[in-house]
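*Asks:* Protein sequences, first through last, are from chains A and B. For the first sequence, my numbering assigns the number 1 to the initial residue and increments by one for each residue that follows. For the second sequence, my numbering assigns the number 326 to the initial residue and increments by one for each residue that follows. Just so it is clear, CB atoms sit at the ideal spot from N, CA and C, and this is done for glycine as well. Handing you this structure, nothing more for now.
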Amino acid sequence: MRKLLLWTGVLAGLIALPHALSFSQQEILVFLVINVLLVASYRLLTLTGEWSLAHVVIMGVGAYASALLSKTLGVYVPLAILLGGVTAALVAVLLSFPLFRMKGFYFLIGSFAAGEIIRLLWKRFRDPFGGAKGIKGIEPMPDFSIGIYDFDFFEPISYYYLAGAVVAVCLWILWRIERSPVGLTFHAVHWQDKLAEASGVNLRAYRTLAFAIASGFAGLSGGLLAHYVGTINPNSFDVEVMVFVLTWAIVGGTSTFYGPILGCVVLTILNEIVLRELGFEQMRPFIYGAIMILSILFLPNGLESLIQKLTRRAPAKASKEKVAE
Amino acid sequence: MNKLLQIEDLTMRFGGLMAVEALSFVVEHGEIHGLIGPNGAGKTTTFNMISGFYKPTSGKVLLRGEDISGLKTHEVARRGVVRTFQHSTLFAELTVLENALVGTHMPFRPNIFAAIIGWDKEDRIGAEARAREALEFFGLEHLAQERAGDLSHGHQRALGMAVAYASHPDVILLDEPFTGMNPEETRRMMGLMRALRDSGITLLLVEHDMQAIMGLCDTITCMSFGKFLAEGSPTEIRNHPAVIEAYLGGARHVA
Chain A
1 MRKLLLWTGV LAGLIALPHA LSFSQQEILV FLVINVLLVA SYRLLTLTGE WSLAHVVIMG
61 VGAYASALLS KTLGVYVPLA ILLGGVTAAL VAVLLSFPLF RMKGFYFLIG SFAAGEIIRL
121 LWKRFRDPFG GAKGIKGIEP MPDFSIGIYD FDFFEPISYY YLAGAVVAVC LWILWRIERS
181 PVGLTFHAVH WQDKLAEASG VNLRAYRTLA FAIASGFAGL SGGLLAHYVG TINPNSFDVE
241 VMVFVLTWAI VGGTSTFYGP ILGCVVLTIL NEIVLRELGF EQMRPFIYGA IMILSILFLP
301 NGLESLIQKL TRRAPAKASK EKVAE
Chain B
326 MNKLLQIEDL TMRFGGLMAV EALSFVVEHG EIHGLIGPNG AGKTTTFNMI SGFYKPTSGK
386 VLLRGEDISG LKTHEVARRG VVRTFQHSTL FAELTVLENA LVGTHMPFRP NIFAAIIGWD
446 KEDRIGAEAR AREALEFFGL EHLAQERAGD LSHGHQRALG MAVAYASHPD VILLDEPFTG
506 MNPEETRRMM GLMRALRDSG ITLLLVEHDM QAIMGLCDTI TCMSFGKFLA EGSPTEIRNH
566 PAVIEAYLGG ARHVA
């Protein structure tokens with residue numbers, strides 16, 4: 001009952017939130033929601049123990065696919081976004097063949113190389129991908145009305161509601177996957193791949209599954225981004241953005257579902273609102289880096305460890321519930 | 326008795342080193358079969374070939390007449406041959422129950438779509454029941470919520486076997502199950518292995534602890550320098566001149 005009340009409160013807060021913000025802050029809020037999905041999908045990949053540097057490029061695959069589908073083939077935009085996610089997942093399955101010959105650090109480097117190859121392909125082939133200038137004038141989401149509310153997608157608030165709903169559904173799916181026997185198997189693959197294998201787990205299949213699901217949701221977030229900003233180019237998905245994702249995940253912590261999301265939200269607020277207001281425009285990357293180093297030094301388990309400390313009172317109960325599920 | 330596992334001319338070569346050479350033996354259904362030999366005799370290599378960790382250079386492993394050599398580990402496991410590991414190889418970060426749940430991966434194969442929608446309730450209940458059954462069998466059910474990494478050594482070894490047992494195997498390959506155990510733990514573990522055999526599971530174990538092996542095994546195969554040396558009941562092996570000779574170097578007391 002209290003849980004329901006809490007969630008209703010959170011929901012009401014999230015719905016009311018943009019009305020208290022300025023226009024530019026509303027825009028940041030939309031990016032934040034999209035980034036939450038990006039970083040939450042990244043966590044699913046890290047469950048199997050692999051850290052990829054191609055995740056943002058995969059997001060770009062979703063963005064490009066969705067933009068091209070709607071622009072050149074005239075696919076209905078929401079469907080195009082969905083197909084963008086599917087495309088990203090399929091590309092991930094293809095990439096898994098070379099990449100999953102490697103593990104750990106080598107996988108990290110290999111994924112970086114794979115991502116750069118994809119980005120170079122976008123730059124090289126002007127015909128579908130528009131070269132270095134990318135794709136401009138991407139179809140916006142068509143306006144529609146649900147009776148009580150008219151969605152006008154020139155307004156960030158409208159897009160925030162739409163993206164928020166999509167992301168909420170995606171997060172729910174990711175959460176269900178993590179708490180399922182499939183999620184347990186991902187953990188098993190991470191901690192002792194030999195023992196998992198001896199228990200009949202097909203390692204390749206499970207690694208690929210995690211990679212494909214994570215990439216699919218990243219692609220979906222890319223599609224949401226493309227149809228919001230209306231223009232994408234290879235540099236929107238370069239390694240700098242990937243570093244942001246890594247920073248969110250590391251500062252937030254990756255041992256819980258909410259850790260990376262927390263990192264993303266807190267750092268975005270810090271970056272966009274606090275630092276921007278204070279006028280540290282040029283210094284922001286520097287401060288970002290400093291925060292990452294400081295958090296590794298003083299909060300090695302991430303922001304989530306603070307939350308865990310605060311809610312220490314009921315850990316035994318919580319873990320029992322987790323198993324019962 | 327019928328032949329469950331046949332090892333035929335199994336050979337493993339690492340570069341110039343012949344780790345196992347033309348090894349043949351048969352594991353009968355429902356027995357405890359020991360594989361012994363001095364250090365470096367190739368026992369663990371043989372294990373790794375049977376369980377699919379290594380692909381043999383030549384030779385065959387037949388399970389009920391089907392050639393399983395060269396299959397991947399999870400494919401071997403799905404045919405009913407499950408192994409445990411030399412050290413306490415467990416999912417240390419997960420709870421004891423979760424460890425056992427991973428063991429139920431084969432009988433209750435997870436389905437991602439059913440898991441998202443919530444149509445796998447029965448499977449989850451079944452898997453947990455099986456996991457708890459396995460824990461109970463090894464006397465670990467009171468530790469179900471503990472972190473596996475926090476258990477005592479003896480309990481960790483037992484949990485390793487529980488994970489294997491949870492998957493309903495036909496054959497369990499035990500790699501040095503008594504290492505680092507005190508006599509009391511060893512005795513308890515021997516009791517558990519007999520119980521496993523009586524429940525119809527065939528055991529093949531590699532072990533150094535001669536006391537345990539002599540008291541436990543129905544048949545023993547002895548290897549030396551990668552080759553078959555002798556086979557027989559514990560008494561035959563104990564008195565076999567070739568076995569005594571192979572061990573004479575540093576460990577006269579073993580037999």
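(1) Here's a check: name, in chain order, each residue in its chain whose Cβ is nearer than 7 Å to the Cβ of L99/A, leaving out the five neighbours to either side.
(2) Counting only beta-carbon atoms, is I173/A nearer than 7 Å to chain B?
(3) Considering just the uninterrupted stretch of the beta strand (DSSP E) at A344/B, what are its terminal residues?
(4) Is S215/A helix, strand or coil when you go by DSSP?
(5) Could you list which residues in chain B have their beta carbon closer than 9 Å to that of G104/A, in chain order?
(6) Using CA coordinates, which residue listed in H227/A, S22/A, I232/A, A65/A is at the minimum distance from V91/A?
(7) List the residues that DSSP assigns as beta-bridge partners of S549/B.
(8) Within a Cβ cutoff of 7 Å, which residues of the same chain sit near W248/A, ignoring the five residues on either side of it in sequence?
(9) Any contact between the region 5–25 of chain A and the region 126–146 of chain A? By contact I mean 3 or more CB pairs, one from each, below 8 Å.
(10) Just to check, is the beta-carbon of V61/A closer than 6 Å to a non-hydrogen atom of the ligand NAD?
(11) Using a Cβ-Cβ cut-off of less than 8 Å, give me the residues of the region 196–209 of chain A that come near chain B, in sequence order.
(12) Per DSSP, G557/B forms a beta bridge with which residues?
(13) For P315/B, does the count of other Cβ atoms within 10 angstroms reach 16, so buried, or fall short, so exposed?
(14) Straight-line CA distance for P381/B to D500/B?
(15) Going by C-alpha to C-alpha distance, which of V86/A, A290/A, P181/A, L4/A sits closest to G216/A?
(16) Output, in sequence order along the chain, the residues in the region 405–435 of chain B whose CB is closer than 8 Å to any CB in chain A.
(17) Below 8 Å, can you find three or more Cβ-Cβ pairs linking the region 278–293 of chain A to the region 53–64 of chain A?
(18) Using 8 Å as the threshold, is the region 150–161 of chain A in touch with the region 409–424 of chain B, meaning 3 or more CB pairs across them?
(19) Could you list which residues in chain B have their beta carbon closer than 8 Å to that of T185/A, in chain order?
(20) Closest Cβ-Cβ distance between R119/A and chain B: below 7 Å?
(21) Give the residues of chain A in contact with T398/B, contact being defined as C-beta atoms less than 7 Å apart.
(22) For the region 438–456 of chain B, which residues have a CB atom closer than 9 Å to at least one CB atom of chain A, in sequence order?
(23) Output the distance between the C-alpha atoms of V201/A and E353/B, rounded to the nearest integer angstrom.
(24) Of the residues S52/A, A290/A, G130/A, E116/A, which one's Cα is nearest the Cα of L270/A?
(25) Just to confirm before moving on: does the CB-CB distance between L184/A and L521/B stay below 7 Å?
(26) Are the CB atoms of I15/A and L224/A nearer to each other than 7 Å?
(27) Could you tell me the distance, in whole angstroms, from the CA atom of V323/A to the CA atom of V407/B?
*Replies:* Checking against the coordinates, here is how it stands:
(1) Counting only Cβ-Cβ distances below 7 Å, and skipping sequence neighbours, we find F107, G110, S111, A114.
(2) Yes, contact with chain B.
(3) 342–353
(4) S215/A falls in the helix class under three-state DSSP.
(5) Going along chain B, no residue has its Cβ under 9 Å from G104/A, so there is no contact; the nearest lies around 17 Å.
(6) Looking at the Cα atoms, A65/A is the closest of the given residues.
(7) K552/B
(8) V39, P260, G263, C264, L267
(9) No, because fewer than three Cβ pairs between the region 5–25 of chain A and the region 126–146 of chain A fall closer than 8 Å, the two stretches do not touch.
(10) Absence of the ligand NAD from the depicted structure is noted, as is the absence of any ligand whatsoever, leaving it without description.
(11) A196, E197, A198, S199, G200, V201, N202, L203, L209
(12) I545/B
(13) Chain B is shown from 326 up to 580; residue 315/B falls before or after that span and cannot be answered.
(14) As the crow flies, the alpha-carbon of P381/B is around 18 Å from that of D500/B.
(15) Looking at the Cα atoms, V86/A is the closest of the given residues.
(16) V407, R408, T409, F410, T414, L415, F416, A417, E418, L419, T420, L422, E423, L426, V427, G428, H430, M431, F433, P435
(17) no
(18) Flag = no, the region 150–161 of chain A and the region 409–424 of chain B do not touch.
(19) V427, H430, P435
(20) no
(21) Under the 7 Å cutoff, chain A gives E197, A198.
(22) A439, A440, I441, I442, G443, D445, D448, R449, A452, E453
(23) Distance between the alpha carbons of V201/A and E353/B is about 27 Å.
(24) A290/A
(25) no
(26) no
(27) Note that V323/A has pLDDT 41, beneath the 50 cutoff, so the model's placement of it is unreliable and the number below is only indicative. Straight-line Cα distance between these residues: approximately 25 Å.
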